[in-house]
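Shown next, in C-alpha coordinates, is the structure this report addresses.
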Amino acid sequence: MTHINENTIRNTPEVHDREWEPELSPRHEWVKFFSLVGPLLIGITAFLYAGREIVSIVSGWLS
3 MTHINENTIR NTPEVHDREW EPELSPRHEW VKFFSLVGPL LIGITAFLYA GREIVSIVSG
63 WLS
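If you want it as C-alpha coordinates, here you go:
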(Lines of atoms letter the chains of each structure in order from A and count residues from 1; the text may use other names and numbers.)
(Lines give C-alpha, C1' and ligand atoms only; values in the text may rest on other atoms or scores of the structure.)
Protein backbone atom coordinates (compact mmCIF):
# COMPACT_ATOMS: atom_id res chain seq x y z
CA MET A 1 0.00 0.00 0.00
CA THR A 2 1.33 3.43 -0.80
CA HIS A 3 2.07 6.09 1.76
CA ILE A 4 -0.85 8.24 0.54
CA ASN A 5 -3.36 5.41 0.96
CA GLU A 6 -2.08 4.53 4.44
CA ASN A 7 -2.27 8.17 5.48
CA THR A 8 -5.80 8.52 4.08
CA ILE A 9 -7.03 5.40 5.83
CA ARG A 10 -5.38 6.35 9.12
CA ASN A 11 -6.82 9.90 9.12
CA THR A 12 -10.30 9.18 7.77
CA PRO A 13 -12.91 9.68 10.51
CA GLU A 14 -15.41 6.99 11.33
CA VAL A 15 -18.98 7.68 10.28
CA HIS A 16 -20.24 7.49 13.86
CA ASP A 17 -17.50 9.75 15.22
CA ARG A 18 -19.29 12.80 16.67
CA GLU A 19 -16.05 14.72 16.86
CA TRP A 20 -15.98 15.17 13.09
CA GLU A 21 -19.53 16.48 12.64
CA PRO A 22 -19.56 20.19 11.84
CA GLU A 23 -21.28 22.38 14.39
CA LEU A 24 -23.53 25.14 13.16
CA SER A 25 -22.40 28.54 14.34
CA PRO A 26 -24.95 31.05 15.67
CA ARG A 27 -24.22 33.22 12.63
CA HIS A 28 -25.17 30.33 10.35
CA GLU A 29 -28.49 30.00 12.18
CA TRP A 30 -29.26 33.71 11.61
CA VAL A 31 -28.37 33.45 7.93
CA LYS A 32 -30.66 30.43 7.63
CA PHE A 33 -33.45 32.31 9.44
CA PHE A 34 -33.22 35.41 7.23
CA SER A 35 -32.96 33.31 4.07
CA LEU A 36 -36.42 31.97 4.94
CA VAL A 37 -38.02 35.11 6.39
CA GLY A 38 -36.66 37.61 3.83
CA PRO A 39 -38.42 36.21 0.76
CA LEU A 40 -41.56 35.66 2.82
CA LEU A 41 -41.69 39.34 3.82
CA ILE A 42 -41.07 40.43 0.25
CA GLY A 43 -43.85 38.14 -0.98
CA ILE A 44 -46.35 39.41 1.60
CA THR A 45 -45.50 43.02 0.79
CA ALA A 46 -45.92 42.40 -2.95
CA PHE A 47 -49.22 40.62 -2.34
CA LEU A 48 -50.58 43.50 -0.24
CA TYR A 49 -49.44 46.08 -2.81
CA ALA A 50 -51.08 44.12 -5.65
CA GLY A 51 -54.27 43.82 -3.63
CA ARG A 52 -54.35 47.56 -3.04
CA GLU A 53 -53.84 48.20 -6.77
CA ILE A 54 -56.64 45.79 -7.70
CA VAL A 55 -59.00 47.47 -5.23
CA SER A 56 -58.22 50.91 -6.66
CA ILE A 57 -58.78 49.67 -10.25
CA VAL A 58 -62.08 48.01 -9.40
CA SER A 59 -63.29 51.02 -7.41
CA GLY A 60 -62.44 53.21 -10.44
CA TRP A 61 -64.63 50.99 -12.63
CA LEU A 62 -67.53 51.14 -10.20
CA SER A 63 -67.53 54.91 -9.72
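With my numbering as the guide, the letters of the sequence shown map in order to residues 3 to 65.
Virtual Cβ for every residue (Gly too), placed ideally from N, Cα, C.
Limits of the alpha helix (DSSP H) - the one that residue i falls within
i     : result
Ser37 : 28-64
Neighbourhood of residue i by C-beta, 7 Å cutoff - its chain only, sequence neighbours within 5 removed
i     : result
Ser27 : none
Val33 : none
Sequence-distant residues of its chain with Cβ nearer than 6 Å to residue i (five each side left out)
i     : result
Val39 : none
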